[in-house]
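**Student:** Right, I'll just put the structure down here and ask away after.
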Ligand SMILES: [Fe+2]
Ligand SMILES: [Fe+2]
C-alpha cells in the first residue's frame, strides 16, 4: 500500500490510501492536510495506516508542525490513530464538536480536546474552518463537518462515500456512485433530521467536497448534497 498526495484546492492536500481488500472494487481512505499558519489534519486514519499517512504528511510539511487534528465522528478510520498524531506533533490538539468531546474525546484523547459549538469558527491563520453539527449524519450522535469558507471547501467525511480508486478530484457525478455504495453498506443513518441536516450543508453551496472515501468533487456541491438528502428521505419513507 502507498499513500498518495494530491493538492485538491489551494493549500488542501488529499492523502489517499487505496485498500484493494475492502469491497470487490477496493476502497480509498483519505485524509486532508490543510496548510495554514496552524496546520490541520482532517481524519487521522486507522492506527495501522499511521506510518504511511505520516510519511505522506512529511512530504508536505514536518509532522511536528501540525497544530490541529480533527475528524467528523469517532470511528477507527476517522480517529483511530488520534493519539499517535498527538505523540508525533507535540503542539497538536484534537478538535471536534462539543458532543464528541463530552461523550468520548475527553476520555479517549491523550491531551484535552478543543470543543467547538455548532457554527463556531476555528481560525487556522490563512484558513477559517467552521464546525457544523450534523447529529447522526452520516452516523454517530457526535457527527459534524468542517467548512472552509474562503475557498468553499466542505470537509464532509463519509458523506457521498463511493468505492474503487477513482481520480483524486472529479467534476463527474458522484451521487450515483455514492447511492450505489450506500445501498451496499447501509452506512447512512436514517434519522428524522438526516435530510434537513444535509440540506443545511447544501445551503452553503460548497464548490469542493473533500470526501473521505472516493474522489473529491469539484462542482455543484449543493446539488450532490440535496440528492443525498432525497436518497435518505426516500429510504426512510420506505
Ligand atoms: Fe464513518
Ligand atoms: Fe470513513
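Numbering (my numbering), first residue to last: 160 to 397.
Ideal Cβ placement from N, Cα and C applies to all residues, glycine included.
Fair warning: this is a prediction, and the values are worked out from it, not measured in the lab.
1) Below 8 angstroms, can you find three or more Cβ-Cβ pairs linking the region 302 to 314 to the region 214 to 224?
2) By a C-beta neighbour count over all protein chains shown, 10 Å radius and 16 as the cutoff for buried, is residue 206 buried or exposed?
3) Would residue 253 be called buried (16 or more neighbouring beta carbons within 10 Å of its own) or exposed?
4) Using the Cα positions of residue 334 and residue 245, report the straight-line distance between them to the nearest angstrom.
5) Could you tell me which residues DSSP pairs with residue 296 in its beta bridges?
6) When the Cβ atoms of the region 384 to 392 are set against those of the region 354 to 374, are three or more pairs found closer than 8 angstroms?
7) Under 8 angstroms, with one C-beta from each stretch per pair, do the region 309 to 324 and the region 366 to 378 reach the 3-pair mark?
8) Anyone know if the C-beta pair for residue 327 and residue 375 falls short of 8 angstroms?
9) Around ligand 1, which residues pass a check of Cβ closer than 5 angstroms to any of its heavy atoms?
10) Report the CB separation of residue 366 from residue 377 in whole angstroms; it is logged as a contact under 8 angstroms.
11) Can you give me the start and stop residues for the alpha helix (DSSP H) that residue 341 sits inside?
12) What span of residues does the beta strand (DSSP E) with residue 236 cover, start to end?
13) Quick check: residue 407 and residue 230, are their CB atoms within less than 8 angstroms of each other?
14) So if DSSP puts residue 304 in a beta bridge, which residue, or which two residues, is it bridged to?
15) How long is the line joining the alpha carbons of residue 235 and residue 281, rounded to whole angstroms?
16) Could you tell me whether any non-hydrogen atom of ligand 2 is closer than 7 angstroms to the CB of residue 125?
17) Anyone know if the C-beta pair for residue 303 and residue 195 falls short of 8 angstroms?
18) Closest to residue 395 by CA distance: which of 210, 345, 263 is it?
19) So is the beta-carbon of residue 347 under 7 angstroms away from any non-hydrogen atom of ligand 2?
20) Do residue 199 and residue 288 come within 8 angstroms of each other at the CB atom, strictly closer than that value?
21) Counting only the same chain and skipping the five closest in sequence on each side, list residues whose C-beta sits under 6 angstroms from that of residue 170.
22) Since residue 227 contacts residue 251 with CB under 8 angstroms, what's their CB separation in whole angstroms?
23) With 16 as the cutoff for other CB atoms within 10 Å, does residue 270 come out buried or exposed?
24) What does DSSP give as the partner residues of residue 189 in its beta bridges?
**Tutor:** In brief:
1) no
2) Counted from its first residue, the chain shown places residue 206 at position 47. With fewer than 16 other beta carbons inside 10 angstroms of its own, residue 206 counts as exposed.
3) Residue mapping note: residue 253 aligns to position 94 of the chain shown, counting from 1. Buried, because 16 or more other Cβ atoms sit within 10 Å of the Cβ of residue 253.
4) By 1-based counting over the chain shown, the position of residue 334 is 175. By 1-based counting over the chain shown, the position of residue 245 is 86. Whole-angstrom Cα-Cα distance: 35 angstroms.
5) Stepping through the chain shown from its first residue, residue 296 is reached at position 137. According to DSSP, which records beta bridges pairwise, residue 296 is partnered with nothing at all.
6) Yes: at least three Cβ pairs fall under 8 angstroms.
7) yes
8) One-based indexing of the chain shown puts residue 327 at position 168. One-based indexing of the chain shown puts residue 375 at position 216. In this structure, residue 375 lies closer than 8 angstroms to residue 327 by Cβ.
9) 234, 317
10) Numbered from 1 along the chain shown, position 207 holds the residue referred to as residue 366. Numbered from 1 along the chain shown, position 218 holds the residue referred to as residue 377. Indeed, because the Cβ distance is near 7 angstroms, the residues count as touching under 8 angstroms.
11) For the purposes of this step, residue 341 is taken as the residue at position 182 of the chain shown. Note, residue 341: alpha helix (DSSP H), 334 to 344.
12) As a working note, residue 236 is residue 77 in the chain shown. Unbroken run through residue 236 is the alpha helix (DSSP H), 235 to 238; no beta strand (DSSP E).
13) The question about residue 407 has no answer here: the residues shown for the chain are numbered 160 through 397.
14) Translated into positions along the chain shown, residue 304 becomes position 145. Residue 304 is bridged to 291.
15) Taking the first residue of the chain shown as position 1, residue 235 is located at position 76. Taking the first residue of the chain shown as position 1, residue 281 is located at position 122. Residue 235 and residue 281: Cα-Cα distance of roughly 24 angstroms.
16) Beyond the ends of the chain as shown, which are 160 and 397, falls residue 125; an answer cannot be given.
17) Translated into the one-based positions of the chain shown, residue 303 becomes position 144. Translated into the one-based positions of the chain shown, residue 195 becomes position 36. Taking a C-beta distance under 8 angstroms as the contact criterion, residue 303 and residue 195 do not qualify as a contact pair.
18) Along the chain shown, read from residue 1 onward, the residue named residue 395 stands at position 236. Ranking 210, 345, 263 by Cα distance to residue 395 puts 345 first.
19) As a first step, residue 347 must be located in the chain shown, where it is residue number 188. No, ligand 2 has no heavy atom inside 7 angstroms of this Cβ.
20) Indexing the chain shown from 1 puts residue 288 at position 129. Indexing the chain shown from 1 puts residue 199 at position 40. It is a contact, given that the beta carbons lie within the stated cut-off.
21) Here residue 170 is taken as the residue at index 11 of the chain shown, counted from 1. Contacts found: 194.
22) Residue mapping note: residue 227 aligns to position 68 of the chain shown, counting from 1. Residue mapping note: residue 251 aligns to position 92 of the chain shown, counting from 1. That belief holds up - the Cβ atoms of residue 227 and residue 251 are roughly 7 angstroms apart, short of 8 angstroms.
23) For this step, residue 270 is matched to residue 111 along the chain shown. Exposed, since its Cβ has fewer than 16 Cβ neighbours within 10 Å.
24) The sequence position of residue 189 within the chain shown is 30, counting from 1. Partner(s): 175.
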